[in-house]
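Undergrad: Start counting the sequence shown at 711; every next residue gets the next number (my numbering).
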Amino acid sequence: GEPGVGKTAVVEGLAQKIVDGDVPQKLQNKEVIRLDVVSLVQGTGVRGQFEERMQKLMDEIRKRDDVILFIDEIHEIVGAGSAGEGNMDAGNILKPALARGELQLVGATTLNEYRIIEKDAALERRMQPVRVDEPSVDETITILRGIQKRYEDYHHVKYSDEAILAAVNLSNRYIQDRFLPDKAIDLL
Numbered sequence: 711g712e713p714g715v716g717k718t719a720v721v722e723g724l725a726q727k728i729v730d731g732d733v734p735q736k737l738q739n740k741e742v743i744r745l746d747v748v749s750l751v752q753g754t755g756v757r758g759q760f761e762e763r764m765q766k767l768m769d770e771i772r773k774r775d776d777v778i779l780f781i782d783e784i785h786e787i788v789g790a791g792s793a794g795e796g797n798m799d800a801g802n803i804l805k806p807a808l809a810r811g812e813l814q815l816v817g818a819t820t821l822n823e824y825r826i827i828e829k830d831a832a833l834e835r836r837m838q839p840v841r842v843d844e845p846s847v848d849e850t851i852t853i854l855r856g857i858q859k860r861y862e863d864y865h866h867v868k869y870s871d872e873a874i875l876a877a878v879n880l881s882n883r884y885i886q887d888r889f890l891p892d893k894a895i896d897l898l
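#1: Flag this pair as yes or no: are the beta carbons of Ile778 and Val747 separated by less than 8 Å?
#2: Using DSSP's beta-bridge definition, name the partner residues of Leu745.
#3: So the beta strand (DSSP E) Val756 belongs to, where does it begin and stop?
#4: With a CB to CB cut of under 7 Å and the five nearest residues on each side skipped, what residues in its chain are close to Met768?
#5: Using DSSP with H/G/I as helix, E/B as strand and the rest coil, what is Val847?
#6: Which class does Ala818 belong to by DSSP, given the choice of helix, strand or coil?
#7: Using a Cβ-Cβ cut-off of 8 Å (strictly less than) and excluding sequence neighbours within five positions of Ile857, which residues of its own chain qualify?
#8: Go through its chain and collect everything with a Cβ distance to Arg744's Cβ below 6 Å, but skip five positions before and after it.
#9: If I'm right that Glu901 touches Leu821 with Cβ under 8 Å, what's the distance once you round it to whole angstroms?
#10: What is the DSSP secondary structure of Gly711, counted as helix, strand or coil?
#11: Would the beta-carbon of Pro875 fall within 8 Å of that of Asn882?
#12: Using three-state DSSP, classify Asp730 as helix, strand or coil.
#13: Excluding sequence positions up to five away, which residues of its chain have a Cβ less than 6 Å from the Cβ of Lys740?
#14: According to DSSP, which residues form a beta bridge with Ile778?
#15: Starting from Ile895 and walking both ways along the alpha helix (DSSP H), at which residues does that stretch end?
#16: At which residues does the alpha helix (DSSP H) containing Pro806 begin and terminate?
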């Protein structure tokens with residue numbers, strides 16, 4: 711999906727449903743672990759350090775069967791040209807674990823950046839794309855009402871229903887270079 715449509719929020723929602731026990735048997739008692747790509751890549755100037763860190767991560771994940779690994783901006787560390795240099799490719803480390811069923815993986819990326827993953831046919835074959843489209847105005851209103859209390863508590867303010875409706879409708883009308891619900895949340 712496009713930036714701001716809620717890809718990460720979908721994964722966070724999945725994690726919450728797992729905690730609540732509101733998932734199919736196959737997902738019960740799983741733990742969604744978000745990989746911090748920046749921390750993983752930081753300080754890996756010497757060739758092979760990144761791959762070594764990835765291998766250690768995979769070794770830890772293999773010890774557990776209850777992990778769903780979430781990699782936001784997955785295109786940055788897999789596929790041809792990842793990290794802008796092409797020398798840091800986690801895809802070659804992930805593929806065997808995916809093929810053997812040792813790893814459950816959720817990766818978030820935009821439609822354009824998914825093309826990086828498509829270049830690696832073996833990796834793409836082991837992944838199932840799920841499109842996250844921009845929510846409608848009505849869906850965005852529901853989303854904002856769902857996060858209203860958290861934002862009110864954080865900012866020490868109250869949002870009226872009119873403010874929520876205005877944020878959604880005005881952002882949809884006037885902000886054309888971004889996507890709902892992100893642009894409406896920014897207006898709040």
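Glycine is no exception: its CB is placed at the ideal position from the N, C-alpha and C atoms.
TA: Result, derived from the coordinates:
#1: Taking the sequence shown and counting its residues from 1, one reaches residue 778 at position 68. Taking the sequence shown and counting its residues from 1, one reaches residue 747 at position 37. Their beta carbons are not under 8 Å apart, which means Ile778 does not touch Val747 by this criterion.
#2: Locating residue 745 in the sequence shown gives position 35, counting from the first residue. According to DSSP, which records beta bridges pairwise, Leu745 is partnered with nothing at all.
#3: Taking the first residue of the sequence shown as 1, we reach residue 756 at position 46. Premise fails: Val756 is in no beta strand (DSSP E) and is neither H nor E.
#4: In the sequence shown, the residue the question calls residue 768 occupies position 58. If we look at Met768 and ignore the five residues flanking it on each side, its Cβ neighbours are Ile803, Ala807.
#5: To locate residue 847, count along the sequence shown from 1; it is residue 137. In this structure, Val847 counts as helix in the three-state DSSP scheme.
#6: To locate residue 818, count along the sequence shown from 1; it is residue 108. Ala818 falls in the strand class under three-state DSSP.
#7: Translated into the one-based positions of the sequence shown, residue 857 becomes position 147. If we look at Ile857 and ignore the five residues flanking it on each side, its Cβ neighbours are Ile895.
#8: Your numbering for residue 744 matches position 34 in the sequence shown. Closer than 6 Å at Cβ, skipping near neighbours: Phe780.
#9: Residue 901 is absent from the model: the chain starts at 711 and stops at 898.
#10: Reading the sequence shown from its first residue, position 1 is the one you call residue 711. In this structure, Gly711 counts as coil in the three-state DSSP scheme.
#11: The residue labelled residue 875 in the question sits at position 165 within the sequence shown. The residue labelled residue 882 in the question sits at position 172 within the sequence shown. Reading off the sequence, residue 875 comes out as Leu, not Pro. It is not a contact, given that the beta carbons lie outside the stated cut-off.
#12: For this step, residue 730 is matched to residue 20 along the sequence shown. Here Asp730 carries a helix assignment [DSSP, helix/strand/coil].
#13: Position 30 of the sequence shown, counted from the start, is the residue given in the question as residue 740. So the list reads Ile728, Asp776, Ile778, once near-sequence residues are dropped.
#14: Sequence index remark: in the sequence shown, residue 778 carries index 68 (1-based). Per DSSP, Val742, Gln814.
#15: The residue given as residue 895 occupies position 185 in the sequence shown. Unbroken alpha helix (DSSP H) run through Ile895: 892-897.
#16: Along the sequence shown, one-based indexing puts residue 806 at 96. Note, Pro806: alpha helix (DSSP H), 801-809.
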